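Colleague:
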Amino acid sequence: MPEGKLCNKKPVSTREELDALLADSNGRQYYAEMEQLDVDSDALWATIQKTMKSRLKTWLEICAHCGLCADSCFLYTVNEKDPTQVPSYKIQSTLGEIVRRKGKVSNEFMRMCMDTAWSKCTCCNRCGTYCPYGIDMGVMFSYLRGLLHSQGFVPWELKIGSGMHRLFRAQMDVTVEDFVDTCQWMVEEAQEEWPCLEIPIDKEDADIVYMINAREAKHYPEDIVEAAILFHIAGENWTMPSVGWEMTSLAMFAGDWEACKMQVETIYSAMERLRPKRMVATECGHAYRATVIEGPYWAGRPDGKPPVECIHYVEWVAEALETGKLKIDPTKKIKEPVTVQDSCNYVRNAGLRECTRIIMKHIAEDFREMAPCKEHNYCCGGGGGFNGIGRYRKQRNIALKMKREQILATGAKLVVAPCHNCWDAIRDLEEEYQIGIKWSFLKPLLIKMVEVPPHLRPEE
Amino acid sequence: MYALLTGPLLWFSFAVFFIGLGVRVVLYFRGLDWRLDRVAYTTQLPYGLKGAWRSVYKWLIPFGTHSWREKPVFTLAFFVFHIGLVVVPLFLEGHVVMIRNGIGLSWPTLPQGLADFLAIAAFLAGVGIGIRRFALPEVRILTDFKDVALLVLTLTLLASGIMAARHTESYMTWLTLHVLCGHVVLLAAPFTKLAHIALFFCTRIQLGMDFGIKRGGMKTNFDW
Numbered sequence: 292m293p294e295g296k297l298c299n300k301k302p303v304s305t306r307e308e309l310d311a312l313l314a315d316s317n318g319r320q321y322y323a324e325m326e327q328l329d330v331d332s333d334a335l336w337a338t339i340q341k342t343m344k345s346r347l348k349t350w351l352e353i354c355a356h357c358g359l360c361a362d363s364c365f366l367y368t369v370n371e372k373d374p375t376q377v378p379s380y381k382i383q384s385t386l387g388e389i390v391r392r393k394g395k396v397s398n399e400f401m402r403m404c405m406d407t408a409w410s411k412c413t414c415c416n417r418c419g420t421y422c423p424y425g426i427d428m429g430v431m432f433s434y435l436r437g438l439l440h441s442q443g444f445v446p447w448e449l450k451i452g453s454g455m456h457r458l459f460r461a462q463m464d465v466t467v468e469d470f471v472d473t474c475q476w477m478v479e480e481a482q483e484e485w486p487c488l489e490i491p492i493d494k495e496d497a498d499i500v501y502m503i504n505a506r507e508a509k510h511y512p513e514d515i516v517e518a519a520i521l522f523h524i525a526g527e528n529w530t531m532p533s534v535g536w537e538m539t540s541l542a543m544f545a546g547d548w549e550a551c552k553m554q555v556e557t558i559y560s561a562m563e564r565l566r567p568k569r570m571v572a573t574e575c576g577h578a579y580r581a582t583v584i585e586g587p588y589w590a591g592r593p594d595g596k597p598p599v600e601c602i603h604y605v606e607w608v609a610e611a612l613e614t615g616k617l618k619i620d621p622t623k624k625i626k627e628p629v630t631v632q633d634s635c636n637y638v639r640n641a642g643l644r645e646c647t648r649i650i651m652k653h654i655a656e657d658f659r660e661m662a663p664c665k666e667h668n669y670c671c672g673g674g675g676g677f678n679g680i681g682r683y684r685k686q687r688n689i690a691l692k693m694k695r696e697q698i699l700a701t702g703a704k705l706v707v708a709p710c711h712n713c714w715d716a717i718r719d720l721e722e723e724y725q726i727g728i729k730w731s732f733l734k735p736l737l738i739k740m741v742e743v744p745p746h747l748r749p750e751e
Numbered sequence: 699m700y701a702l703l704t705g706p707l708l709w710f711s712f713a714v715f716f717i718g719l720g721v722r723v724v725l726y727f728r729g730l731d732w733r734l735d736r737v738a739y740t741t742q743l744p745y746g747l748k749g750a751w752r753s754v755y756k757w758l759i760p761f762g763t764h765s766w767r768e769k770p771v772f773t774l775a776f777f778v779f780h781i782g783l784v785v786v787p788l789f790l791e792g793h794v795v796m797i798r799n800g801i802g803l804s805w806p807t808l809p810q811g812l813a814d815f816l817a818i819a820a821f822l823a824g825v826g827i828g829i830r831r832f833a834l835p836e837v838r839i840l841t842d843f844k845d846v847a848l849l850v851l852t853l854t855l856l857a858s859g860i861m862a863a864r865h866t867e868s869y870m871t872w873l874t875l876h877v878l879c880g881h882v883v884l885l886a887a888p889f890t891k892l893a894h895i896a897l898f899f900c901t902r903i904q905l906g907m908d909f910g911i912k913r914g915g916m917k918t919n920f921d922w
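Chains S and D, in that order, are what the protein sequence lines are. Mapped onto our numbering, the consecutive letters of the first sequence carry residue numbers 292 to 751. Mapped onto our numbering, the consecutive letters of the second sequence carry residue numbers 699 to 922.
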């Protein structure tokens, strides 16, 4: 069968196609069709010839097979040092083999590549920082994902995810109306306690435009209102766009580069329309990476920068605490041992290692570092899409073990996770292994301990 | 045979080595693409150069990076092996004399005792690296024929050089073998993994620029 009804080389382009995929329970039909999907070897080889230049070609060719990448990979460690989990082996036996065979590979081989690319690598880029040549297997796996996506070999959830971005410019089916209604409704509820609170939508020339992860609008809108309260207390002149408010990119996890471009261009046009001084991104790692680090290149911006200065939420909080915009009540600081999860996407890939330490200095009495930490920290265990793919749940649960050991070694009872993906992984970790920890974003913690200026205090 | 190998053929091998590696370096940098690699190489050049420099020098220092510090024994073997392979051929008296006779250029030389020591240490380190390759499952799974062949070639080059320097009865045999291996190394370098002699710097510069420009280098230096 050249192409299936659900599993094929075409990205989702209509609501009907998306609904058909969503109706397929656990992707059963989708994966059954995948077993019959033809590989278009000519197209695959043509793409490789067009897109695989110096960097990737040389990386594949000069790898000295020294094995220094092995121990840098948490998946190798938690899988009992299985040699097939050595990063170099994983990429050589998949992408390397496709290149050696000039794209002439079988359906079965492509499915093996899919399993490897999405269940044996979270694109955390840690191996790249341990290789003497600087060969970044995370970057190569991301490239391989793009090749696999173009041939239809992509996990069911990510086909849906990038389809959502194509149709709704959000990883979930949240329309402009849904989003604006959610903000209004949340603010109305909160106004009982915070009389002058607002979520200004589409305000031009504000100091800050705040952008989020669609899950906040869809599943926990209290996160949006918490952000609003903290901006309110800090006296920020801020806004959110009605269109272009969603920063995440499941399309990036899926390797759907066209959808990545569509998504990020929507965000950048919101920036250009509203002309804020800068953008503050919510507590999410991959959203920040997609919009701020990779996005400019998808959008073809030669300076590698988004249209306005963009900062992550941890940067805004650190700045607000240091400048006194937010003041912490010393009696309400966190007393119990607490640690922080450094998200790969804003620590290793965006240089934000100090902000969280500044924040912890202000809010915690007993802060404990994980080992290793900062840019050498391990992935939460669920990055790169791993968290959301049912087919690989078993492997993902094994992957959580590294974070379990790291957290247990700190003795911390609370893990601050300013990243949606890490937050999910740590929640699942507690559910799976029950090590007796709590986990939290920064916003709810800050709201509990921040001093409210007298004029903003609710009337008794 | 020896006269031929150290005569015109030697200059031919040198030419292949230098021109070949030069071409590879030029092709490497010409093939970088800011859109495909997603790194603003030229528009953010100052950040890129700073990142590149840090990426190269940190990795050239023994124990200079987290990776080197995590594997101290391998790191030691690695540096001893490479120092022997780079420093001895460049500064050995016999080699410098040969260059001077050939093209008139000359530079200071190593005392013979130190050269011997470095060469023997490099040989032993190389043997250690070879044993590691087969002893550790995570390295064995990656190892192929070419990896072994290159290591054997390099070890033969070192061993024959060490033996030739001892001026035993079989001096000429060792010397001829040594020169022959030298030719193979020079000729193979641009076309095999030996190209890392030059490409190591290229890929390290590239990743250094990546981290210097894009992955946080404008805010903090990456702690290699």
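Ideal Cβ placement from N, Cα and C applies to all residues, glycine included. These numbers come from a predicted model, not from an experiment.
With H, G and I counted as helix, E and B as strand and the rest as coil, what does DSSP make of F710 (chain D)?
Modeller: Position 12 of the second sequence, counted from the start, is the residue given in the question as residue 710 (chain D). Helix.
Colleague: When DSSP labels each residue in this structure, what does V631 (chain S) get in the three-state scheme?
Modeller: Counted from its first residue, the first sequence places residue 631 (chain S) at position 340. V631 (chain S): strand per DSSP, three-state reduction.
Colleague: Could you list which residues in chain D have their beta carbon closer than 7 Å to that of G358 (chain S), in chain order?
Modeller: Here residue 358 (chain S) refers to the residue found at position 67 when the first sequence is read from its first residue. Within chain D, the residues near G358 (chain S) are L834, E836, V837, L840.
Colleague: Within the 8 Å Cβ cut-off, does S765 (chain D) reach chain S?
Modeller: The count along the second sequence starts at 1 and reaches residue 765 (chain D) at position 67. It does: the Cβ of S765 (chain D) has a partner Cβ on chain S nearer than 8 Å.
Colleague: With a CB to CB cut of under 8 Å and the five nearest residues on each side skipped, what residues in its chain are close to K891 (chain D)?
Modeller: Residue mapping note: residue 891 (chain D) aligns to position 193 of the second sequence, counting from 1. Within the same chain, K891 (chain D) has close Cβ partners K844, D845, L848.
Colleague: Within 10 angstroms of its Cβ, does L699 (chain S) collect 16 or more other Cβ (buried), or is it exposed?
Modeller: In the first sequence, counting from the first residue as 1, residue 699 (chain S) sits at position 408. Its Cβ having fewer than 16 others within 10 Å, L699 (chain S) is exposed.
Colleague: What does S753 (chain D) reach in chain S if we use C-beta pairs closer than 8 Å?
Modeller: On the second sequence, residue 753 (chain D) is found 55 positions in, with the first residue counted as 1. Within chain S, the residues near S753 (chain D) are G425.
Colleague: For the stretch 904-920 of chain D and the stretch 637-647 of chain S, state whether three or more C-beta atom pairs, one from each stretch, are separated by less than 8 Å.
Modeller: With a cut-off of 8 Å, the stretch 637-647 of chain S and the stretch 904-920 of chain D count as touching, because enough Cβ pairs lie within range.
Colleague: With a threshold of 8 Å, are at least 3 pairs of Cβ atoms found where one atom belongs to the stretch 790-808 of chain D and the other to the stretch 819-828 of chain D?
Modeller: Because the criterion of three Cβ pairs below 8 Å is not met, the stretch 790-808 of chain D and the stretch 819-828 of chain D do not touch.
Colleague: By the DSSP assignment, the alpha helix (DSSP H) with A847 (chain D) in it spans what residues?
Modeller: As a working note, residue 847 (chain D) is residue 149 in the second sequence. Note, A847 (chain D): alpha helix (DSSP H), 843-862.
Colleague: Note the first and the last residue of the continuous beta strand (DSSP E) segment covering R767 (chain D).
Modeller: Numbered from 1 along the second sequence, position 69 holds the residue referred to as residue 767 (chain D). No beta strand (DSSP E) contains R767 (chain D), which is instead part of the alpha helix (DSSP H) from 764-768.
Colleague: Would you say L691 (chain S) faces chain D, with C-beta separation under 8 Å as the test?
Modeller: Residue 691 (chain S) sits at position 400 when you count from the first residue of the first sequence. Answer no: the Cβ-Cβ gap between L691 (chain S) and chain D never drops below 8 Å.
Colleague: Report the residue ranges of all alpha helix (DSSP H) runs contained in full by the stretch 479-551 of chain S; include only those spanning at least 4 residues, in chain order.
Modeller: Taking only runs of at least 4 residues, the alpha helix (DSSP H) segments lying wholly in the stretch 479-551 of chain S are 505-509, 513-525, 541-545.
Colleague: First and last residue of the alpha helix (DSSP H) that includes K348 (chain S)?
Modeller: The residue given as residue 348 (chain S) occupies position 57 in the first sequence. First-last of the alpha helix (DSSP H) with K348 (chain S): 345-353.
Colleague: Could you pull out every residue in the same chain whose Cβ sits closer than 8 Å to the Cβ of A481 (chain S), ignoring the five residues on either side in sequence?
Modeller: The sequence position of residue 481 (chain S) within the first sequence is 190, counting from 1. Contacts found: L488, V516, A519, I520.
Colleague: Whose C-alpha, out of S:A361, S:P446, S:V390, is nearest the C-alpha of I339 (chain S)?
Modeller: Looking up residue 339 (chain S) in the first sequence gives position 48. Closest option to I339 (chain S), Cα to Cα, is S:V390.
Colleague: When the cut-off is 8 Å and only beta carbons count, does I379 (chain S) lie next to chain D?
Modeller: As a first step, residue 379 (chain S) is located in the first sequence; it is residue number 88 there, counting from the start. Per the sequence shown, residue 379 (chain S) should be read as Ser rather than Ile. Yes, S379 (chain S) counts as interfacial toward chain D.
Colleague: Say whether chain D places a C-beta atom closer than 8 Å to the C-beta of G419 (chain S).
Modeller: Position 128 of the first sequence, counted from the start, is the residue given in the question as residue 419 (chain S). Taking Cβ atoms only, chain D reaches closer than 8 Å to G419 (chain S), which makes this a yes.
Colleague: Roughly how many whole angstroms lie between the Cα atoms of K756 (chain D) and Y424 (chain S)?
Modeller: Mapped onto the second sequence, residue 756 (chain D) falls at position 58. Mapped onto the first sequence, residue 424 (chain S) falls at position 133. Roughly 12 Å separates the two Cα atoms.
Colleague: What residues match up with F658 (chain S) in a beta bridge as DSSP calls it?
Modeller: Taking the first residue of the first sequence as position 1, residue 658 (chain S) is located at position 367. Paired residues: S:V629.
Colleague: Between K494 (chain S) and the rest of its own chain, which residues show a CB-CB distance below 6 Å, the 5 nearest in sequence each way excluded?
Modeller: Sequence index remark: in the first sequence, residue 494 (chain S) carries index 203 (1-based). Here the set comprises T530.
Colleague: Determine whether the Cβ of R718 (chain S) lies closer than 8 Å to any Cβ atom of chain D.
Modeller: Within the first sequence, numbered from 1, the residue matching residue 718 (chain S) stands at position 427. No, R718 (chain S) does not count as interfacial toward chain D.
Colleague: Contact defined as beta carbons within less than 8 Å: I believe A893 (chain D) pairs with L730 (chain D). What is the distance between those atoms, to the nearest angstrom?
Modeller: Reading the second sequence from its first residue, position 195 is the one you call residue 893 (chain D). Reading the second sequence from its first residue, position 32 is the one you call residue 730 (chain D). Not confirmed; about 17 Å, so no contact.
Colleague: Hey, A508 (chain S) and H440 (chain S) are a contact pair by Cβ (cut 8 Å); roughly how many whole angstroms apart?
Modeller: Translated into the one-based positions of the first sequence, residue 508 (chain S) becomes position 217. Translated into the one-based positions of the first sequence, residue 440 (chain S) becomes position 149. The Cβ separation is near 26 Å, so there is no contact.
Colleague: What residues from chain D crowd round K271 (chain S), counting only those whose CB sits closer than 8 Å?
Modeller: Since the displayed chain S opens at 292 and closes at 751, residue 271 (chain S) lies outside it and no answer follows.
Colleague: Could you tell me the boundaries of the alpha helix (DSSP H) in which W922 (chain D) lies?
Modeller: Here residue 922 (chain D) corresponds to residue number 224 of the second sequence, with the count starting at 1. Note, W922 (chain D): premise wrong, no alpha helix (DSSP H); not H, not E.
Colleague: Using 8 Å as the threshold, is the C-beta distance between C635 (chain S) and G576 (chain S) below it?
Modeller: Taking the first sequence and counting its residues from 1, one reaches residue 635 (chain S) at position 344. Taking the first sequence and counting its residues from 1, one reaches residue 576 (chain S) at position 285. Yes; because the gap between Cβ atoms is below 8 Å, this pair is in contact.
Colleague: For D735 (chain D) versus R460 (chain S), is the C-beta distance shorter than 8 Å?
Modeller: Numbered from 1 along the second sequence, position 37 holds the residue referred to as residue 735 (chain D). Numbered from 1 along the first sequence, position 169 holds the residue referred to as residue 460 (chain S). No, Cβ-Cβ distance for D735 (chain D) and R460 (chain S) is not below 8 Å.
Colleague: Could you check whether the Cβ of Y869 (chain D) sits closer than 8 Å to any Cβ belonging to chain S?
Modeller: Taking the first residue of the second sequence as 1, we reach residue 869 (chain D) at position 171. Not one chain S Cβ lies under 8 Å of Y869 (chain D).
Colleague: Is it buried or exposed, G437 (chain S), if we count other Cβ atoms within 10 angstroms and call 16 or more buried?
Modeller: The sequence position of residue 437 (chain S) within the first sequence is 146, counting from 1. Answer is buried; the Cβ neighbour count reaches 16.
Colleague: List, in order along the chain, the chain S residues whose C-beta lies closer than 9 Å to that of W732 (chain D)?
Modeller: Numbered from 1 along the second sequence, position 34 holds the residue referred to as residue 732 (chain D). Correct list: Y588, P593, G595.
Colleague: Could you tell me which chain D residues have their CB closer than 8 Å to the CB of E641 (chain S), listed as they occur along the chain?
Modeller: Taking the first residue of the first sequence as position 1, residue 641 (chain S) is located at position 350. Looking at the sequence provided, one finds Ala at residue 641 (chain S) rather than Glu. What A641 (chain S) touches in chain D: R913, G914, K917.
Colleague: Against chain S, with Cβ distances strictly below 8 Å, would H894 (chain D) count as a contact?
Modeller: For the purposes of this step, residue 894 (chain D) is taken as the residue at position 196 of the second sequence. Yes, contact with chain S.
Colleague: Return the chain-ordered list of same chain residues with a C-beta closer than 8 Å to the C-beta of K665 (chain S), the five sequence neighbours on each side being excluded.
Modeller: Here the question's residue 665 (chain S) lines up with position 374 in the first sequence. Excluding sequence neighbours, K665 (chain S) sits near D633, V638, R644.
Colleague: If you count every other CB in all the chains shown that lies within 10 Å of the CB of I654 (chain S), and 16 or more means buried, which is it?
Modeller: Numbered from its first residue, the first sequence carries residue 654 (chain S) at position 363. Buried: at least 16 other Cβ atoms inside 10 Å.
Colleague: Find the residues of chain S that neighbour Q742 (chain D), judging by a C-beta separation of less than 9 Å, and give them in chain order.
Modeller: Within the second sequence, numbered from 1, the residue matching residue 742 (chain D) stands at position 44. Within chain S, the residues near Q742 (chain D) are D594, G595, K596.
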